[in-house]
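When we follow the working numbering, the leftmost residue of the sequence shown carries the number 2, and every step to the right adds one.
No residue lacks a Cβ here, since even glycine has one placed at the ideal position from N, Cα and C.
This one's a predicted model, so the numbers in the text were calculated from it and none came from an experiment.
Quick notes on the structure that follows.
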Amino acid sequence: MDSSSASRDRLNAESVDLQTRMAALESELQQCKLELQQEKAARQDSETRLNAILNRAIASITSFRMYADCHWEYDYYSAGCEAIFGYTAQELTTNQYLWWSRVLPQDQQSVIIPSWANIFAEKVSHREYRFFHKNGSLRWISSTVTSQRDEAEDCWRVTTVDMDISDRKQAEETLRRSEEKLSKIFHNSPAPIAVVTFSEGRFLEVNECFLELTGYSRQEVIGHTVFDLGLLVDVEQASQRIHQLQQRQPLQLQEIDYRTKAGEIRTALSSVDTIEIDGQLCALSISKDHYRSQTGRSRSA
2 MDSSSASRDR LNAESVDLQT RMAALESELQ QCKLELQQEK AARQDSETRL NAILNRAIAS
62 ITSFRMYADC HWEYDYYSAG CEAIFGYTAQ ELTTNQYLWW SRVLPQDQQS VIIPSWANIF
122 AEKVSHREYR FFHKNGSLRW ISSTVTSQRD EAEDCWRVTT VDMDISDRKQ AEETLRRSEE
182 KLSKIFHNSP APIAVVTFSE GRFLEVNECF LELTGYSRQE VIGHTVFDLG LLVDVEQASQ
242 RIHQLQQRQP LQLQEIDYRT KAGEIRTALS SVDTIEIDGQ LCALSISKDH YRSQTGRSRS
302 A
């Protein structure tokens, strides 16, 4: 075989090898393209499902960039913002300061601005503020804020989750007013009222009338037991009353002798029932001072 034939054979062999390697590379390339397409489809599916979850949530989820000069630029508002704030995501992102303009000015200064320090410190924070809904109503909003520093963009990436807690706040206010009313009734009642723990007979609360009749000050009574003060004249009688209460049988206008701070023995008509306070069984006593035992003269207080 001459040299020219050997060269052709070598070239043919190299050509075949090159074609084989090219085919292998093309196959690998096709496989990479397929994997990328699958990954992209999976990512798109995940994003679709995530957006669906966010949009179904009864909350407004917001993503924005916060800069050192305290201005911000929105990247995202979930569809839930319309239920919480009354405005669509487009309205809130188009007008960068629409949300801010609807926050109660008092809460801008006392709640929102102080919370920016936590954003810059990358600390999770929780805040409650009032917001004028698009329909004009004033809503209470609970917000959880998280942040992360983005060095490349020279900003902080912030995410907030806002929920309407107006119903809870209304319930709390109703409860507060109810408790305030009950407190006034308790402390201004013309009848002596006391609350003691069932297990120890330790005073948790008494009203002014109770203090006036017994002669003790509030500091001398609260936190002490009926035994510490020596109020009970007939301990056996008291034990019988306690047994009755243990059977869930309230006392109705029972005569109970008690001793005042000055040592005077008096008799009261008392009605006692059990109540639970902070998980602790207690006795609520409402009395009517009846007469002075040592004189036997009947009287009403």
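Own chain, CB closer than 7 Å to residue i, minus 5 neighbours either side, in chain order
i	result
ALA118	none
GLU209	HIS188
Sequence-distant residues of the same chain with beta carbon closer than 6 Å to residue i, five excluded per side
i	result
SER271	GLN255, ILE257, SER286, SER288
THR226	GLU201, GLY202, ARG203
ALA195	VAL207, PHE211, SER286
GLN250	none
THR21	none
ARG66	GLU74, CYS156
Where residue i sits in the DSSP three-state scheme
i	result
ALA60	coil
ARG242	helix
GLN248	coil
VAL236	helix
SER102	helix
VAL273	strand
GLN255	strand
THR313	Not covered by the structure: residue 313. The range shown for the chain is 2 to 302.
ASP229	helix
Residue i and residue j closer than 8 Å at C-beta
i	j	result
VAL104	ARG128	no
ALA90	VAL197	no
LEU282	PHE211	no
LEU233	TYR259	yes
PHE132	PHE187	no
ASP163	SER144	yes
THR275	LEU252	no
LEU214	ASP290	yes
VAL273	ARG242	yes
ARG140	ASP151	no
Assigned exposure category for residue i - 16 Cβ within 10 Å defines buried
i	result
THR63	buried
TRP101	exposed
ILE54	Here ILE54 scores only 47 on pLDDT, less than 50, and its place in the model is too uncertain to base an answer on.
VAL125	exposed
LEU93	buried
Beta-carbon contacts of residue i that lie in its chain and below 8 Å, excluding the five residues immediately before and after
i	result
SER184	none
Beta strand (DSSP E) runs contained entirely in the segment 139-226, provided each spans 3 or more residues: 139-151, 156-165, 194-198, 204-207
Enumerate, from N- to C-terminal direction, the unbroken alpha helix (DSSP H) stretches of 4 or more residues contained entirely within the segment 63-131. 82-86, 90-95, 99-103, 114-121
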